[in-house]
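Reviewing the structure listed below.
Number of protein chains: 4
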Amino acid sequence: WKGEFFPNISYIRYEGPTSRNPLAFKWYNAEEEILGKKMKDWLRFSVAFWHTFRGDGTDIFGSPTKRWPWDDGTDSLTTAFNRMRANFEFLQKLGVSFWCFHDRDIAPEGKTLKETNANLDAVVALAKRLQEGTNINPLWGTAQLFKHQRYMHGAATSPYVNIFAYGAAQVKKAMEVTHELGGQNFVFWGGREGYQTLLNTDMKKELENMAQFLKLASMYKKKLGFQGTLLLEPKPQEPTKHQYDWDVATTMGFLEKHGLSDQFKLNIECNHATLAGHSCTHELEMARIHGMFGSFDANTGDAQTGWDTDQFLVDIAEATLIMLTVIKNGGISPGGFNFDAKLRRESVDVEDLFIAHIAGMDTMARGLRNAARIVQDGALQSLVDRRYSSFDSPLGKAIKDGSIGFEELEQAALNSEDQVPPSGKQELAEMIFYSFVQ
Amino acid sequence: WKGEFFPNISYIRYEGPTSRNPLAFKWYNAEEEILGKKMKDWLRFSVAFWHTFRGDGTDIFGSPTKRWPWDDGTDSLTTAFNRMRANFEFLQKLGVSFWCFHDRDIAPEGKTLKETNANLDAVVALAKRLQEGTNINPLWGTAQLFKHQRYMHGAATSPYVNIFAYGAAQVKKAMEVTHELGGQNFVFWGGREGYQTLLNTDMKKELENMAQFLKLASMYKKKLGFQGTLLLEPKPQEPTKHQYDWDVATTMGFLEKHGLSDQFKLNIECNHATLAGHSCTHELEMARIHGMFGSFDANTGDAQTGWDTDQFLVDIAEATLIMLTVIKNGGISPGGFNFDAKLRRESVDVEDLFIAHIAGMDTMARGLRNAARIVQDGALQSLVDRRYSSFDSPLGKAIKDGSIGFEELEQAALNSEDQVPPSGKQELAEMIFYSFVQ
Amino acid sequence: WKGEFFPNISYIRYEGPTSRNPLAFKWYNAEEEILGKKMKDWLRFSVAFWHTFRGDGTDIFGSPTKRWPWDDGTDSLTTAFNRMRANFEFLQKLGVSFWCFHDRDIAPEGKTLKETNANLDAVVALAKRLQEGTNINPLWGTAQLFKHQRYMHGAATSPYVNIFAYGAAQVKKAMEVTHELGGQNFVFWGGREGYQTLLNTDMKKELENMAQFLKLASMYKKKLGFQGTLLLEPKPQEPTKHQYDWDVATTMGFLEKHGLSDQFKLNIECNHATLAGHSCTHELEMARIHGMFGSFDANTGDAQTGWDTDQFLVDIAEATLIMLTVIKNGGISPGGFNFDAKLRRESVDVEDLFIAHIAGMDTMARGLRNAARIVQDGALQSLVDRRYSSFDSPLGKAIKDGSIGFEELEQAALNSEDQVPPSGKQELAEMIFYSFVQ
Amino acid sequence: WKGEFFPNISYIRYEGPTSRNPLAFKWYNAEEEILGKKMKDWLRFSVAFWHTFRGDGTDIFGSPTKRWPWDDGTDSLTTAFNRMRANFEFLQKLGVSFWCFHDRDIAPEGKTLKETNANLDAVVALAKRLQEGTNINPLWGTAQLFKHQRYMHGAATSPYVNIFAYGAAQVKKAMEVTHELGGQNFVFWGGREGYQTLLNTDMKKELENMAQFLKLASMYKKKLGFQGTLLLEPKPQEPTKHQYDWDVATTMGFLEKHGLSDQFKLNIECNHATLAGHSCTHELEMARIHGMFGSFDANTGDAQTGWDTDQFLVDIAEATLIMLTVIKNGGISPGGFNFDAKLRRESVDVEDLFIAHIAGMDTMARGLRNAARIVQDGALQSLVDRRYSSFDSPLGKAIKDGSIGFEELEQAALNSEDQVPPSGKQELAEMIFYSFVQ
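Next comes the structure, spelled out in C-alpha cells:
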C-alpha cells in the first residue's frame, strides 16, 4: 500500500447550489441546522463496504468490469487490508462518519471456521486502528449468510441442522466484531431465508426455525452487552423466489407472532419496496406508525424492471417523501442512511464512486430541505388533520374508547341523515407537495 | 315471473371424461368418494350471486353487454325477486348447495337505511322460502361497503365518523340476515379500506379504526348467536392504490397485533394472490400452516395484466396445487369453494353461465383427483420429509426445545466438518408433481 | 342553463413561484418566451372533454361520486349542450385553446345511426358557435369505438363485417365533424382492437382488417380535404388482454409493414408507456428519432399498480425528461399536450377540476423551464456526443457508408490492441440532469 | 479424461406413462408418429451447452454450488475439451441430436483475438471429430457478445467503433465454425444491445449501427455459403434496462424498417415473453402469422418474479399451446427446441441434469400429443372459423379486395339494422382446450 488510493481527489466541500463542480456538495452542508438539528445528525450517512469496495461490475451475464487500485483480485488478507484502508480514505474524503459491512466482505474465508474467524479478527483489528482519532464507526455490521454454497437452502431456515449451527456461529462472531468496533446496530438480511419452490419446502418448520434463530440472537446480544439495535431487512424475493421477510407488514407480523416485536426494528430499503409492489414511503410509514423504523438503506430500484438494481437514489420528490417520514419520526438515530447502492456496471472510474455518493448525499439533503419547508408550512398536515376531525366528536371518542357497539352505531346511522363525505383533495395535496419540491 | 329462466337447460349430470357434452360434468362426480370423503364434501361449491346474476358486462371502458331474462335493468324489488329465483333455479340445475351474497346486490337501496333494511328483509324472506326443502344455504354473506359514494374513502377506515357508524349498521344487518338464512360464514372484504395517496391519509388512525370495527363485529357476532366463521379477504389493491388487507401475511399480522387472531380466519382468492405478487399456493399454504385457511374464492387472474380479472380457474396444475393444500388442511369446511368469477364481457349467452361453472367445477374436481393420487403415492412428501430429517437429531431437538444457545451452536460448528448440503431436487419434485397432473 | 357553471372561479392568472394561491399559475406564464418560443406555443394545452365533463367517478367497484352542475345524469341533447357550454367556460377561465373529444361523449347515441349523426351535428353546431370569436379549436377528435356493446369484439378487428362497416361509418362522420370544427389532428385509439384470448381469435385476419381500415381512413381524409395529422395511440392492454397497438415500436412496425408509415404519426400517453413496461421517455424518444412523435397525452400512471389510472402528471423530473424530447423535436405542433387525465374518484369539488389542470400545466411548464436550461447548458449533450465520437473516424465512416464488410472489420480487430471502453458516466449524467430539476 | 462422465447413467429409454422411473421417458417416444411425422422430427430437441456444461450455480448473491466432473474450474483448453466430451456423452445418453453453443463458452479467450480464434478452432476440431458417425449437429451457434468487459456498452450498438469491429470479427468467426460443424442456424441475442439510461445514449445512432451490423452479417453469410437461417432472439431487458429487440413485434418492425425481413427469422424464448409482459403463445403466434417463427428456446420464467429464471418448462397446458402453434406452422425445421434452461442453483447432482432434460422433453411431448388431438378433433378451430365467417360475404370480400371505401361502408351501416354481435364463447373455448390437456 502506497499511502493513498484516491490521490487525485481531495476532501469534498460544500459549494452551494450554483456550483457546477461534480466533486462538491451543492445541497448537503453537514453543519447547517434544519429544524433544530444539524444536517449530519439528521442524515447520518454510511458507505456500504460491499458495493463500494468489493463491487467489480459482475452481473449475471457479465464478467467484472472494474479494476480498483486497492484490489488485486485475490482473496488474500493483504488485499483485505488494502480494501479497508481504501474505505477509510474514502469515508474521510467524503466526510462520512459511518460504514456498514458483512463479515465475509471485509475478510476472506479460511479453510476452517476457526481460520475464518482469525482472518476476520485481523481485519477488524486494522479497522479499529484506522477508526482511532476519527469520528468513524460502523452504522451496522451483519453476517453474510447467502453467498457461500453451504447457505444455498438458507441459514436459519436451512433444512440441515449443521447449517443452522454454522449460521448461528457466524452471527455470533459478526455481532462480536460489530460490538468491538462500536457499531450502533446489527442487521439481518435473510437473502436465502425463503424458498425456490414450495414443492420441496416445509414452510412451517422453516418459519419456526427462523423465529428460534432470532430469539437466540437476541439472547446472545444481551449476554454480549451489545447495546445496538437489532434490525431485520425486508425484501420480497431475489435471490429466492420468495423471501420470508417479504415486506414491512409481513416482517412485523412475524415478529409479533413470535413475541419478538420489542427486540427488533427494521432496516428499510427503497429498492426492496419497489420489488414488493409498494412505494418506498408506504414501507417507511408502515414502520414509523408502528414504532419500527430503525434504519434506512438509501437506494432506489428501477420502476420498470423487476430485479434488484441497487441504484443511488437521485429523485428529489422521492427523497422529499422519505425525509417527511424521517422528520415525523424525530430522526432515525441510532439508525442512519446507508448507501446500499452500487455504481452501474459501466461506470468504471474511481471518480464515479465519489460522484455517485455525492449525488446520493445531495439528493437526501434536498429532500430534507424540502420536507422541512413542508413541515414548517403546515398546509399539508392541516389538510390531513381536517379530514379526520369528525373522530374528535363524542361519537368518535365513544368508538375509540370502546364504550359503544354495533347496536348504538346502528341507532346513530338510522337517526342521522345520509351524508356523502367531502372531497379527498388528492390533487390539492399533490399541488402543495410538489410546490415544495425543488 | 313465468316459472323458469333457463328453460333449455336441464339438470347437469356427470358423464365422465370421455363426454363431449359441454353441459355435463366430466370429472366432478358429487357422490364419488376420494380419500374417504365425497367430492361434494371436499369441494362445497358456491355460486357468487353478484357476478352470476348481477354481472352485466360493464367494464371501465364499456357499457353493459348482457341482458339476462331475470333482469329488466331496474332496481325494483320485483327484479330483485326475479334474480333470486334465477339464483335458485341455477343452483338446482347445477347441483350446487351454496351461494354467496352481498347485502346490496340482492336487494335495492332505499331512500333511508330503514327502507333499505326493509327491502333486504323482503328479499331474504323470499330466499328463505326458496331454500325450504332444499339442501341450499349461503356459504357466506357480506356487506357491500365499497360501491356507494358514501364509502369512497372507506367504511371502517373512513375519515368520517358517520360513515364508520353507517358501515357498522350495515354489517350488523348483513350478519343478521346471513344468520337468518343459515349462512355458514361471514366475510369482510375491505375494498375501500386502504388509501389512494398517503399525502392525505393518517394511516395510523385508519388502522386503529379498522381494528376497532372488527372487534365490534366479533362482539356482535357473539351477541347474535351466529356460529359461523368470520373471514377477512386479503387483496393488495384495486380499487384503492393500497388495501390494508394486502395479503395473507399482512392480514394475519394485523389480526395478531390487535389480538384478533382467534376470532377471524381468511377467505383467500387466487386472483388476489396474483395481484400481490404471490402464487396462489403461497397464500393458501401461508394460511394453512397458521391455522387460518377459512374459505376459498375459486377464481384466477391473468398472469400478464395487472388488474382484477376474476376469471374462472381452468388450469389443472393450479387446481392440483390448491387441492393439495386443501387435503393437507383436512378440508376447509365450514368454508367452501365460492366461484367469485365472472363471464368475460363478450360471453353473453345464458348457456355461457353454465359452461363457465361446469368448467370451474370440473377443474377443481380434476385437481382433487390429482392431489389425492399425489398424496396416496407419497413420493413427493417423502422427498420433503427427507430434507428436514437432520432436525430430528439431538442437536435439532435441542434447538427446538430452546435448551441451547449461540455459544453451544458455535461449538458445534467449530467442531464439525464443513459440509455442503445436498441437492434441493426441485426438478425431480416438479417431475413427480406433473406426472400426476392429468 | 343559467349563464355560468363556475361562478366562484375567475380567470386563472400567472402569479409566479412564490404564490400560494391554488387557483393561480406559479410556473406557466403563457406569453413568456423560452428558447425563442412562447410557452403557450411549446405546450399547446388541451382539455379532454370525456374526463373533465363526463367523468362521474364510477370505477369497477363503485358508483358515481360526482354530480356536476352541468350534468343531470340524463342522455338528453339539452344536457349535451350544457356540457359543451361548461367546456367552453372552463377552457376560457383556464386560458387553454384546445380541447379533445370522442364523438359519443359530446352527443348522445340515437335509435339509429342516422339519428345519432343528427344529434352529433346539433352539438357540433353549438360548439362551432361557441368557438366563434375565440382562439379555441379541437386539438383532435376521435371516434369512440369501444364503449358500445356492438364493439365488444373490436371495430376494425371485429370478426363481424357489419361491425367493421359501422365503425367505418362512425370514423367517417367523426372525421367530418373534427374537420368542421377546425380540428388539427384525428386520433385512433383501438381500445377493443386486440384480443381477450387467442383461443377464439384469428390474429392474422384481425391485423389485416385493421390495416385495411386505416388505409380507408387515410383515403377518406384526402377526399374530405382534412389537413390534420392522423394519429395512432399505442396502449398495451386494458380493456383487452392484448391491444394490437401495444407500444410505439409495435405500432410503428405495423405501419411500416402495411406501407402506412407516412400517413400516420403517434399520440403518446405516459400512462400507457408504464403499462407497457417502458419509461415515458423511452416511448417519446423512440417516436422522435423515427419522426413519428405527433402529439402527447399528458398524464401519468401509478408506478406500482397495473391498471390505467390516468392521473394528472405532477412529477417534475418526468416533466423535464418529456420536455427535453419535445425541445429536441422542435416542438410537437400541430400536436399538443392533451390532459387525458381524470380527477381521483374521491375528488368531487368543481374546484378540484381547476386545481388538477393548473397543477398539470404548471408541471409541464416547470419541465419546459428545466429542459431549456439543460439544453442551454449543453453539458449533458456533450457527454453523449463524446461517447459516440469514435464513429467520426475513417473506420466509423466506412461502416456507415457501407464501404466495408466483416472481413475488413475482422482485419481491423486483429490489427488493433484490445481496448476496454471508458466509463459510461451514468451517475454523472444523473447528477447533471437532477441539478437542473427544480 | 477417463472415458465417461456419467458412468451411473445409461441410455434413457421410453417406458410409457405408467413408469415411475425418473430416468426414463414417459411421453417422448422418438420414433412414434404423430400427425404423420415422427416425434423426434416435430421436436428436434437441442441441449444448450452453456447452461448444461458451464452452469456452476453462481447467482448475483451467490458463489458457485456445482462441481461437475468435467470441470476443474480452470479456463484451460484441456478443460474445454472435457466439457465438449461431456456434451457428446450427454447428448447420446439422452438421445438428442442437436446442441447449441456460444463461441466463448466452448473455448477459452486467449490473450489476443488471434489466439482466441485458435483456441476455438481446436475445440471445434474436437467437436467435429466427436460428431463423426453420429447424427449430432449444432442446431445453432452464436457469438457471445455480452460477457466480456469490452461489450459492456454493447457490441453492434457500442458507442465505440473498435468494439463494433471486434464484434463483427467475432460473429464472422462464430458463423464460420457453426458452418464448419454443420450448424443449421445462427442466432443473434443482443444482450447488451440496448441502454442502461437514455441520459447517456444516442438511440438513433445505436439502432442504425445495429441495422448495419446485421446487414453485414447477412452479406457475409452469403459469401461464406452458409445455408442456415439467421435468427434474432427477442428479449425486453436484462442485463440492460432496455434491449432493442424487445419482443417479436418490435424486432419484426426493426427488420421491416431496415429491409431485413427476408434475411432473418426469430428464435423465441418463453421466458423472454414473460419478461415482456406477453404470454408465450402470443409471441409464437405473432411470429407464425408473419412467417417469422424460426426456432424455439424451450424454457419458462417465473410468473411472479421479474428476472430471467431460465427454468425448464414443465407446464403441460403451456406446452400444449406451444405445440398448437408449431403444428399450425407445419413444424419449425430447420429450427428446433433448444433447452435454454438451467438447473436451479440448489440442484447439484449430475443426475439432476438428466431429470431436468427428461422432464422438459416429456412435457413438450405431452404438449404435442395434446395439440394433435385438438387439431384432429377440430372443434376449437371450428369455433374460431365460425366467428369470422361473415367476412366471406360480398361485403367482406369487397373490403378485403379494396373495392369499397368509407362512403360505401357508411351506406351499408345506415341501411342495415343495428345488430349486436354474438357471444365470444371464451369459456367454451377454454373448456374444449383443457379437456385435451392431460
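Residue numbers (this note's numbering), protein chains in the order written: chain A, 1 to 438; chain B, 1001 to 1438; chain C, 2001 to 2438; chain D, 3001 to 3438. Cβ atoms here follow ideal geometry from the backbone N, Cα and C, with glycine treated the same way. For clarity, every value in this text was computed on a predicted model and none was experimentally measured.
Bounds of the beta strand (DSSP E) holding residue 1268(B) are 1265-1269. Distances from the CA of residue 46(A) to each of 123(A), 113(A), 135(A) were compared; the closest alpha carbon is that of 135(A).
The alpha-carbon of residue 214(A) is positioned some 8 Å away from that of residue 156(A).
Around residue 12(A), the same chain offers 23, 24, 25, 93, 94, 95, 354, 358 as residues with beta carbons nearer than 8 Å, after the five sequence neighbours per side are excluded.
Of the residues 266(A), 346(A), 179(A), the one whose Cα lies closest to the Cα of residue 3149(D) is 346(A). Assignment of residue 2097(C) by DSSP, reduced to helix, strand and coil, places it in the coil class. Taking 7 Å as the cut-off between beta carbons, the residues of the segment 2150-2168 of chain C near chain B are 2152, 2153, in sequence order.
Residue ranges of uninterrupted beta strand (DSSP E) with 3 or more members, entirely inside the segment 2259-2323 of chain C and ordered along the chain, are 2265-2269, 2293-2297.
Contact between residue 1231(B) and residue 1294(B) is confirmed by a C-beta separation of about 5 Å, below the 8 Å threshold. Of all residues in the segment 3172-3205 of chain D, those with a C-beta nearer than 8 Å to a C-beta of chain C are 3172, 3173, 3196, 3197, 3198, 3199, 3200, 3201, 3202, 3203, 3204, 3205, reading in chain order. At a cut-off of 8 Å between beta carbons, residue 3302(D) contacts chain A. The residues 1035, in chain order, have a CB closer than 8 Å to that of residue 1376(B) in the same chain once the five nearest residues on each side in sequence are set aside. Contact annotation: residue 2162(C) and residue 3389(D) have beta-carbon atoms that are not nearer than 8 Å.
The beta carbon of residue 1278(B) sits closer than 8 Å to some beta carbon of chain D. In this structure, residue 138(A) places its C-beta atom within 8 Å of the C-beta atom of residue 181(A).
With a 10 Å radius around the Cβ and a threshold of 16 neighbouring Cβ atoms, residue 3423(D) comes out buried. In summary, residue 1419(B) is exposed, with fewer than 16 beta-carbon neighbours lying within 10 Å of its beta-carbon over all protein chains present.
Annotation for residue 172(A): 220 place their beta carbon closer than 7 Å to its own, counting only its chain and skipping 5 residues before and after. Residue burial annotation: residue 67(A) is exposed, with fewer than 16 other C-beta atoms found within 10 angstroms of its C-beta. Shown here, residue 3047(D) sits in a strand according to DSSP, grouped into three states. Between residue 118(A) and residue 110(A) a beta carbon distance of about 7 Å is seen, short of the 8 Å cut, so the two are scored as contacting. Across the structure, residue 3338(D) and residue 3365(D) are spaced so that their CA atoms are roughly 14 Å apart. Annotation: Cβ neighbours of residue 1220(B) in chain A (cutoff 8 Å, chain order): 405, 406, 407.
For the pair residue 3278(D) and residue 1304(B), the CB atoms are nearer than the 8 Å cut-off. Contact between residue 1316(B) and residue 3434(D) holds, since their C-beta atoms are separated by about 7 Å, short of 8 Å. Looking only at 1019(B), 1394(B), 1075(B), 1027(B), the smallest Cα-Cα distance to residue 160(A) is reached by 1394(B).
Scanning its chain for C-beta atoms nearer than 6 Å, with the 5 sequence neighbours on each side dropped, one finds around residue 2088(C) the residues 2130, in chain order. Per DSSP, residue 141(A) is one residue of the beta strand (DSSP E) stretching across 137-142.
A straight line joining the alpha-carbon of residue 2015(C) with that of residue 1307(B) spans about 41 Å. Per the coordinates, the alpha-carbon of residue 1356(B) lies some 12 Å from the alpha-carbon of residue 1051(B).
Under the Cβ distance rule, residue 3356(D) counts among the residues neighbouring chain B, one pair being separated by less than 8 Å. Residue-level contact check: residue 2064(C) touches chain B, since one or more beta carbons of chain B fall below 8 Å from its beta carbon.
Of all residues in the segment 1220-1234 of chain B, none places a beta-carbon less than 8 Å from a beta-carbon of chain D. DSSP links residue 14(A) through a beta bridge to 25(A).
Of all residues in the segment 2006-2021 of chain C, none is placed with a Cβ closer than 7 Å to any Cβ belonging to chain B.
Separation of residue 2234(C) and residue 2276(C) (C-alpha to C-alpha, rounded to the nearest whole angstrom) is 9 Å.
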